[in-house]
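Written below as structure tokens is the structure these notes are about.
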Amino acid sequence: MPSIFITAALTTVLLMKAFECSLHFGTSHIFRGLEKLKKRQDASSFQQHVCFDVRQLVAFKAQFTAFIDKDNDGRASFKEIKSYLQKYDPAVTDKRVQDFVVRRDTNGDGDVDFIPDYLSEISAPNYSASMAKEWFELEDSNHDGYVSRDELVNIAQNIGMSPREALETAEGYYMIADVDGDHRLTWNEYVTLFT
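Residue numbering for the sequence shown is -18 to -1, 1 to 177, as defined by mature numbering (1 follows the signal peptide of the UniProt record, and there is no 0).
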């Protein structure tokens, strides 16, 4: 299918999603950003009706396509997810990729669809210890039992951040949990970022 038709179909879906949200909540209640959402446990009543405006949906679609959905078909296949996860851990196993997909694939087709799977993950991230463990193991790319600042910087650069942005992200978000100041996170330090 030519790309123009995919773009037109996506635009229609995005507009319908925004319209559905405006009908359900009224236009004054459409969420304007992720900052209004709390952790998944606190936002469970909103999970079925989380709304984004069209600008946000377009931005999330661009992010999904840039990082994961390389063929821009609206869903991330096993191969695309594996390629993305290899930016975290070059030796990621097929089993780990399959587990990653299964936890996010709501309709069981083996793909992570932009709507609803990816948007659900963005709108109400899972901050459970099991989800933290999944990311800890991916980000511990040398498998030494720690997530180091250098590993985080490398991952951030692999997904497209500049060296400066990568270091700022590692220092500004992750390393705040580095209680002992050794520039690496133990599991106990890391999990505090999620729970």
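Every residue gets a Cβ at the ideal spot worked out from N, C-alpha and C, and that includes glycine.
{"query": "Residue interval of the alpha helix (DSSP H) (run including Phe46)", "result": "Val36 to Phe49"}
{"query": "Best match in Phe176, Ile137 and Asp132 for proximity to Asp164 [C-alpha to C-alpha]", "result": "Asp132"}
{"query": "Rounded separation between Val161 and Asp55 - CA only", "result": "43 angstroms"}
{"query": "His6 versus Ala73: straight-line alpha-carbon distance, rounded", "result": "In this prediction, His6 scores a pLDDT of 39, lower than 50, which makes its location untrustworthy; the coordinate-derived value is nonetheless stated afterwards. Each residue's Cα considered, the two are about 44 angstroms apart."}
{"query": "Given Gln45 as reference, the closest of Tyr172, Tyr100 and Asn140 once Cα atoms are compared", "result": "Tyr100"}
{"query": "Assigned exposure category for Val83 - 16 Cβ within 10 Å defines buried", "result": "buried"}
{"query": "Whole-angstrom distance between Ser59 and Gly92, CA atom to CA atom", "result": "7 angstroms"}
{"query": "Burial state of Arg166 (16 or more Cβ within 10 Å)", "result": "buried"}
{"query": "Beta-carbon proximity of Ala138 to Thr151, cut-off 8 angstroms", "result": "yes"}
{"query": "Simplified DSSP assignment, three categories, for Val135", "result": "helix"}
{"query": "For Val84, the first and last residue of its enclosing alpha helix (DSSP H)", "result": "Asp76 to Arg86"}
{"query": "Other residues of its chain near Glu153: CB distance less than 8 angstroms, five sequence neighbours each side excluded", "result": "Arg131"}
{"query": "C-alpha gap between Val40 and Tyr66, whole angstroms", "result": "20 angstroms"}
{"query": "Paired residues, beta bridge with Ser130 - DSSP", "result": "Arg166"}
{"query": "Of the residues Arg37, Asp71, Tyr155 and Gly142, the one placed nearest Asp126, counting alpha carbons only", "result": "Asp71"}
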